[in-house]
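Heads up: the structure comes next, in structure tokens.
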Amino acid sequence: MLENSELLMFFTVVLLYAFMPGPAMLYSVAQTVSSGRKSGLFAVLGLHVGGYFHVTLVAFGLATAFINTPLLQEIVQKVGAIYLIYLGYQKIISHVHFHFDTAFEDPSIRPPQKIFWDSVVVDVLNPKAALFYFAFLPQFVVKESEISVGLQLFILGTFTNFGV
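In the numbering used here, the protein residues as written are 107 to 270.
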């Protein structure tokens, strides 16, 4: 079990990370502003589900392969950037006429399922999220604990994902 001081440090860093702007935060804000609160909530839900991708990789020990393979990191970074550019391009060329006064009432602007799945992909391909989970969580594993390392990482990742 983590000591109180370690728990305080863990939750402080998670809180600070949650407020650091990055691709996921910008995507969810853009969805909320352009398509309304409901779309923003679906974007946040998709990002949350995407976070469990990273939590699962860490819990199963696959994060080590990611950290030790710079080429893999670069591929994820490039694919993530390309995907964000693609989403931006789709937003620009779509013939959705944004009217600020009706945007928050019109649920037909973008299907919530599309926003959800786009958000999952945005988070899965987010190198900032991947590096945070992969580098941060293992520091708080108590090797002498009766709880397995994988389960500890999953629990820490779940707290992180809810905090973010």
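For each residue, glycine too, the CB sits at the ideal point set by N, CA and C.
Note that the structure is predicted; figures quoted are calculated from it, not measured.
In whole angstroms, give me the CA-to-CA distance for residue i and residue j.
i    : j    : result
K234 : L193 : 18 Å
P219 : V135 : In the sequence as displayed, the identity of residue 219 is Gln instead of Pro. Cα-Cα distance, rounded: 17 Å.
F246 : Q196 : 41 Å
V248 : L108 : 7 Å
L178 : V227 : 17 Å
N232 : L132 : 12 Å
E252 : N110 : 18 Å
F240 : P176 : 13 Å
L237 : G152 : 19 Å
Within the same chain, show all residues whose beta-carbon is closer than 6 Å to that of residue i, passing over the 5 residues directly before and after it, in chain order.
i    : result
L147 : none
I221 : Q137, S145, F148, A149
Once you ignore the five residues that flank residue i on each side, which residues in its own chain have a CB closer than 8 Å to its CB?
i    : result
A187 : none
A165 : G256, L257, L259, F260, G263
Spatial neighbours of residue i within its chain, please: C-beta separation below 7 Å, excluding the five flanking residues on both sides.
i    : result
V230 : G156, F159
Assuming residue i contacts residue j (C-beta within less than 8 Å), just tell me the rounded distance between them.
i    : j    : result
L121 : G269 : 6 Å
Mind checking if residue i is an interface residue toward chain B, Cβ cutoff 8 Å exclusive?
i    : result
V185 : Note that chain B does not occur in the displayed structure, where there is just one protein chain.
For the pair the stretch 159-173 and the stretch 131-151, tell me if three or more CB-CB distances fall below 8 Å.
no
What are the complete alpha helix (DSSP H) segments, minimum 4 residues, inside the stretch 110-186?
110-124, 129-141, 143-165, 169-173
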